[in-house]
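Residue numbers (this note's numbering), protein chains in the order written: chain B, 1 to 290; chain A, 1001 to 1320.
Glycine included, each C-beta is placed from N, C-alpha and C at the ideal position.
Bear in mind that the values here come from a model prediction, so they are computed numbers and not experimental data.
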Amino acid sequence: MHLGTSSGRARRRRLVGRGMELLATLASLLAVALLVIVIASVVKEGAPALSWDFFTKPPAPFGQTNGGIANAIVGTLLMTAMATVIAVPGGVLIAIYNVEFAPPQVAETVRLILNVLAGVPTIVIGIFIYGLLVVGSGQSAIAAAVALSIVMLPLVARATEEVLALVPSSLREAGLALGSTRSRTVIRIILPTAVGGIVTSAIVAVARAAGETAPILFTSSIVANVVSTDVHGALASIPLSIYTNSESPSVHDQQQAWAAALVLLAMVLVLSIVGRLLSLRTRRQIERMR
Amino acid sequence: MIAETPTPAPTLGRRRFRIGDAGLRILAGAAALGSVLLVALLAYKVVEEAWPAISEFGIAFLWGKEWNAVTNQFGALYLIWGTAFSSAVAVVIAAPVAIAIGLFLSELAPRALRAPVGALVELLAAIPSVVLGLWGIIVLGPFLQEHVEPWLAHWFGWIPFFSGDPSNVGLLPAAIVLTIMIIPIVASISRELFLSVPGELKQGSLALGSTRWEMVRNVAIPQVSAGLIAAIILGLARALGEAIAVSQVIGGGLNFSLSVFAPADTLAGRIASQYQGSTSDLQTASLAYLAVILLVMSLVANVCAQLIVRRIRRQMGTGH
């Protein structure tokens, strides 16, 4: 159509535009390709080492090869569960305060502090809990759970705050107009409306905590190769077993690391995807209320 | 219905509710205050742990070159260098790629593709760093050593960055692992930023005859440039503080090398790799001193990013 009349300059502009669009598309392809490559490597190297024994037995003594990561699975489940029990109520309360009670300036400050906390390197959180709980009384799964809960807290608080802010103010006003107090409105109306979003934020935070290595390094890393549920002592964990095995020159250890990485990656990705789908649903539900 | 008679004991009920009201307010306020105190306690405790090293080496720790457990002499210079170098390389690679992804997801991609591709990019951020590190040691490192580094050395060996012998551990694999970590962070913020550019501006530019790229370059990017800088700072902060994956692939070398093939080490990486091997209290305190430096870096980066974001919000609020 206009090709015939367009000057060289116009054609060059169009070509530059096309080229840039192509580059942006390639960048997105690159990111997706990286995700696929990492997942594919983990599946390819890890899947052959998976077996019933891998899930049900602790690591084999040195030189033997039929061990598993049962102790690490138990430890990760226990530590993540304890961290969730600390971080979710704490995070939800902070979000309630910010959205429902705090003066704007105060809420803004608390938000800033939470963002700062979210930005603290997790290894520093490990050093902090090491000094607070480990020096003197020794490593324990409890100390590791506290460290993990600090990683989770800002995630839960921020995500919950976003969902609470989505709840239409008409619901709030209706509650207050019926003579309900603010707290009662929060407990009876706002929290039930937002519960899907709160669960989502918890799931995403659990996915993050389950894969964290640095906070556990100082708090629960010197462990025996037996399945234990004693949270007063150090417990093994999947991330740490990957970390130690990955540094080993032994091919068998590396294979154990890959298999453990496959288990961890599957857990984390499934949680992330479930959290994402749930969050879309909750948002849609709340938006329909408006 | 409306004129229903009040129940006999309203005062008691109402009073109980009011106590409950104060209860939740206090509990929630305490949690918020707790989070503020937690950050203060964290900073205090880490400085306290580092105190023996702070009083021994003072501020000179920052430019001390030695890290020697035998002579008990510790300094952070090479680690600061390694941290700055690896993070800088990662940001230089990640920022353009991530901003391009943000553009693709907000402006270019067909609508049906936006949500799924956006979700996949965000899933990249969900990969635990220890898994990325494992992949870095066993897959990425050897691949770079055999295929990429010899090529770089052959063609670009005259640039100091690409001098020296290819190696399976070193700064390059660390920087690439960091790049993978920060791409999703910067990409998802840039996408939000580009989506926030008012449609009238974009359409106005297109109506004046701009191509889509000219619209992006002349209208969209200038409109959100402060936000993009904040996003890059947040990505940088993530790179500075990553310990696990970096310690797995960087090789633990202490030097001032400009070569990306050479082994190096970072503040966070050193803390992670010496966690159990610490032989003296002074060494443990020195590791905590490294944590103090990291904490200050991450505080500065995050507060800067926050202030930029806050200023943008205020401008957008008053701009309408």
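Proximal residues of chain A, C-beta to C-beta of Gly90 (chain B) below 9 Å: Ala1031, Gly1034 and Ser1035, listed in chain order.
Which residue's Cα is closest to the Cα of Ser140 (chain B): B:Val32, B:Met20, B:Phe218 and B:Ser169? When only C-alpha atoms are compared, the closest one is B:Phe218.
Closest to Ile242 (chain B) by C-alpha separation, out of A:Gly1136, A:Pro1052 and A:Trp1081, would be which residue? Of the candidates A:Gly1136, A:Pro1052 and A:Trp1081, A:Gly1136 places its Cα closest to the Cα of Ile242 (chain B).
So with CB distances below 9 Å, who are the chain B contacts of Lys1202 (chain A)? Neighbours of Lys1202 (chain A) on chain B: none; closest Cβ ~14 Å, over 9 Å.
Give me, in chain order, the residues of the same chain whose beta-carbon lies closer than 8 Å to that of Ile291 (chain B); leave out the 5 immediate sequence neighbours on both sides. Examination of residue 291 (chain B) is not possible in this model, given that chain B is present from 1 through 290 alone.
The alpha helix (DSSP H) spanning Arg967 (chain A) covers which residue range? The structure shown does not extend to residue 967 (chain A), since chain A is modelled only from 1001 to 1320, so the question has no answer here.
By the three-class DSSP mapping on this structure, what secondary structure does Pro1008 (chain A) have? Interpretation of Pro1008 (chain A) is limited by its pLDDT of 44, a score under 50 that renders its predicted location unreliable; no figure is taken from the coordinates.
In chain order, what residues of the same chain lie with their CB nearer than 8 Å to the CB of Ser1205 (chain A), ignoring the 5 residues before and after it? For Ser1205 (chain A), same chain residues with a beta-carbon under 8 Å away, outside a window of 5 residues either side, are Glu1214, Met1215, Asn1218 and Val1219 in chain order.
Who are the Cβ neighbours of Ser1190 (chain A) in its own chain at under 7 Å, not counting the five residues just before and after it? Close CB contacts of Ser1190 (chain A) within its chain, under the 7 Å cut and outside five residues either way in sequence, are with Ala1098, Ile1099, Gly1102, Leu1228 and Ala1231 (chain order).
Report the residue from A:Trp1155, A:Gly1199 and A:Glu1122 whose alpha carbon sits nearest the alpha carbon of Ile1180 (chain A). Nearest in C-alpha terms to Ile1180 (chain A), of all of A:Trp1155, A:Gly1199 and A:Glu1122, is A:Glu1122.
If I measure Cβ to Cβ from Ala159 (chain B) and keep anything under 6 Å in the same chain, skipping five residues before and after, which residues do I get? The beta carbon of Ala159 (chain B) sits closer than 6 Å to those of Ser201, all from its chain and outside the five residues before and after it, given in chain order.
Considering only the alpha carbon of each residue, which of A:Pro1166, A:Leu1178, A:Leu1062 and A:Leu1134 lies closest to Glu1149 (chain A)? If we check each option's Cα against that of Glu1149 (chain A), A:Pro1166 comes out closest.
With H, G and I counted as helix, E and B as strand and the rest as coil, what does DSSP make of Gly1269 (chain A)? In the three-state reduction of the DSSP assignment, Gly1269 (chain A) falls in the helix class, which pools H, G and I.
Using the beta-carbon of each residue, which ones in chain A are nearer than 9 Å to Val116 (chain B)? For Val116 (chain B), the C-beta contacts it makes with chain A under 9 Å involve Val1039, Ser1298, Leu1299, Asn1302, Val1303 and Gln1306, in order along the chain.
Considering only their Cβ atoms, is the gap separating Gly119 (chain B) from Ala1126 (chain A) smaller than 8 Å? Using a Cβ distance threshold of 8 Å, Ala1126 (chain A) and Gly119 (chain B) do not count as a contacting pair.
Just list the alpha helix (DSSP H) runs in the region 1163-1198 of chain A, keeping only unbroken ones of 4 residues or longer that don't cross its boundaries, in chain order. The qualifying runs are 1171-1196.
Closest by C-alpha distance to Asn1168 (chain A), when choosing among A:Gly1209, A:Ala1262 and A:Leu1240: Comparing alpha-carbon positions, the option among A:Gly1209, A:Ala1262 and A:Leu1240 lying closest to Asn1168 (chain A) turns out to be A:Ala1262.
Classify Phe1104 (chain A): buried if its beta carbon has 16 or more other beta carbons within 10 angstroms, exposed otherwise. In this structure Phe1104 (chain A) is buried. Its beta-carbon is surrounded by 16 or more other beta-carbon atoms within 10 angstroms.
Would Val1097 (chain A) count as contacting chain B if we go by Cβ distances under 8 Å? Output row for Val1097 (chain A): interface = yes.
Does any C-beta atom of chain A lie closer than 8 Å to the C-beta of Thr181 (chain B)? Yes, contact with chain A.
Contacting positions in the region 120-132 of chain B - beta carbon closer than 9 Å to chain A: So the close ones are Val120, Pro121, Thr122, Ile123, Val124, Ile125, Gly126, Ile127, Phe128, Ile129, Tyr130, Gly131 and Leu132.
Apply the 10 Å Cβ neighbour rule to Leu280 (chain B) and answer buried if 16 or more other Cβ atoms are within range, or exposed otherwise. Leu280 (chain B) sits exposed, since fewer than 16 C-beta atoms from the chains shown fall within 10 Å of its C-beta.
Go ahead and label Thr80 (chain B) buried or exposed: buried means 16 or more other beta carbons lie within 10 angstroms of its beta carbon, across all protein chains shown. Buried, because 16 or more other Cβ atoms sit within 10 Å of the Cβ of Thr80 (chain B).
Going by DSSP, name the residue or residues bridged to Trp1067 (chain A). Beta bridge pairing from DSSP links Trp1067 (chain A) with A:Phe1074.
Under 8 Å between C-beta atoms, does Asp1021 (chain A) make it to chain B? Yes, Asp1021 (chain A) lies at the interface with chain B (some Cβ there is under 8 Å from its Cβ).
Can you find a CB in chain A that lies within less than 8 Å of the CB of Met20 (chain B)? By this cut-off, Met20 (chain B) is an interface position.
Report the partner residues of Gly1251 (chain A) according to the DSSP bridge assignment. Under DSSP, the beta-bridge partners assigned to Gly1251 (chain A) are A:Ala1264.
Against chain B, does Thr1211 (chain A) count as a neighbour if the rule is that its beta carbon must be under 8 Å from one of theirs? With 8 Å as the cut-off, Thr1211 (chain A) counts as an interface residue toward chain B.
For Leu1123 (chain A), go through chain B and note every residue whose CB falls closer than 8 Å to its CB, in chain order. For Leu1123 (chain A), the C-beta contacts it makes with chain B under 8 Å involve Leu35, Leu269, Ser272 and Ile273, in order along the chain.
List the residues of chain A that Val77 (chain B) touches, going by C-beta distances under 8 Å, in chain order. This sequence places Leu at residue 77 (chain B); Val is not what is there. Neighbours of Leu77 (chain B) on chain A: none; closest Cβ ~15 Å, over 8 Å.
Among residues of its own chain, excluding the 5 on either side of Ser237 (chain B), which ones have a beta-carbon nearer than 7 Å to its beta-carbon? So the list reads Ala72, Gly75, Thr76, Met79, Ile216 and Ser220, once near-sequence residues are dropped.
Proximity below 8 Å, CB of Val1091 (chain A) to CB of Ala1239 (chain A): Their beta carbons are under 8 Å apart, which means Val1091 (chain A) touches Ala1239 (chain A) by this criterion.
What's the C-alpha gap between Arg1311 (chain A) and Glu1192 (chain A)? Using only the alpha carbons, I get a separation of about 16 Å.
Buried or exposed: Ala1268 (chain A), going by 16 or more other Cβ atoms within 10 Å of its Cβ? Counting of Cβ neighbours within 10 angstroms places Ala1268 (chain A) among the buried residues, the total reaching 16 or more.
Partners in chain A for Val186 (chain B), counting only beta-carbon separations shorter than 7 Å: What Val186 (chain B) touches in chain A, judged by beta-carbon distance under 7 Å, is Leu1024, going in chain order.
Anything in chain A within Cβ reach of Arg14 (chain B), meaning under 8 Å, just list it in chain order. Near Arg14 (chain B) (Cβ distances below 8 Å), the residues of chain A are Thr1211.
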